[in-house]
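Peer 1: Residue numbers (my numbering): 1 to 250.
Even for Gly, the Cβ is constructed at its ideal location relative to N, Cα and C.
Would you mind keeping the following structure in view while I ask a few things?
What follows is the structure, encoded as structure tokens:
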């Protein structure tokens with residue numbers, strides 16, 4: 001049975017319209033620690049949905065200030081839960097859209113195999129020149145590093161050795177380049193194929209406040225199909241498997 005030409009034309013036009021309408025892009029501010037997982041998630045999301053991700057990576061505190069000043073982001077993938085809460089209260093984010101997409105882990109790390117011991121005693125010995133950490137005023141992982149050192153009663157003794165980075169990516173670069181012998185970074189940055197290269201101490205979770213990383217739709221992304229699709233995708237089993245593979249808890 002042949003399809004009537006008029007029906008076929010209407011169907012084709014509808015398909016073309018829906019295809020064009022569904023293809024969109026979403027601008028996302030991504031916490032620096034989540035760079036690698038996001039770079040793996042993005043192409044899969046784009047392939048499955050047809051939407052395109054335009055991502056910027058940096059410190060959560062900086063993103064907060066930029067969003068308040070009108071930066072054209074539609075979603076924030078924060079390194080904490082407080083910043084998305086603030087944005088909702090301030091009227092810059094959509095109430096009810098916030099959820100925890102990952103829980104981060106703090107690591108004391110060196111690319112050299114003989115620097116960091118498995119109990120973090122290297123901090124008490126203090127036999128190193130520089131210790132890298134992200135700016136605690138801008139980056140939740142930096143704040144967690146301070147909490148850890150205060151809990152261990154080594155903060156005051158080590159403060160003169162601090163090399164403070166703008167964000168957690170820069171902190172990791174300081175250590176990787178040798179500008180600091182060791183530093184506090186996110187586990188996701190140094191977790192490769194189920195192991196950590198170099199030497200590391202995964203900081204016990206009871207030494208710092210949980211790093212619950214929340215996603216939220218910003219006002220510019222309200223009712224945008226691409227923004228809603230990405231938030232839904234981050235909750236999918238496929239995305240969660242990627243997130244878990246980088247050492248995050250879910």
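Taking the alpha-carbon of residue 133 as reference, which of 102, 118 and 179 has the nearest alpha-carbon?
Peer 2: Ranking the options by Cα distance to residue 133, first place goes to 179.
Peer 1: Run through DSSP, which three-state label would residue 209 get?
Peer 2: If DSSP states are grouped into helix, strand and coil, residue 209 belongs with coil.
Peer 1: Is it buried or exposed for residue 120, if we count other Cβ within 10 angstroms and need 16 for buried?
Peer 2: By the 10 Å Cβ count, residue 120 comes out buried.
Peer 1: For the region 51 to 59 against the region 94 to 101, do three or more pairs of beta-carbon atoms, one drawn from each stretch, fall closer than 8 Å, so that the two count as touching?
Peer 2: Flag = no, the region 51 to 59 and the region 94 to 101 do not touch.
Peer 1: When the Cα of residue 28 is compared with those of 238, 228 and 244, which residue comes out closest?
Peer 2: Among 238, 228 and 244, the Cα nearest to that of residue 28 is on 228.
Peer 1: What separation, rounded to the nearest whole angstrom, lies between the Cα atoms of residue 235 and residue 213?
Peer 2: Each residue's Cα considered, the two are about 13 Å apart.
Peer 1: Where do the ends of the alpha helix (DSSP H) carrying residue 245 lie?
Peer 2: Where residue 245 is concerned, the enclosing alpha helix (DSSP H) stretches over 237 to 245.
Peer 1: Report the rounded CA-to-CA distance for residue 37 versus residue 57, giving the unit in angstroms.
Peer 2: Near 12 Å, if we compare the C-alpha coordinates of residue 57 and residue 37.
Peer 1: Would residue 99 and residue 215 be called neighbours here (beta carbons separated by less than 8 Å)?
Peer 2: It is a contact, given that the beta carbons lie within the stated cut-off.
Peer 1: Could you give the distance in angstroms between the alpha-carbon of residue 138 and the alpha-carbon of residue 101?
Peer 2: Each residue's Cα considered, the two are about 20 Å apart.
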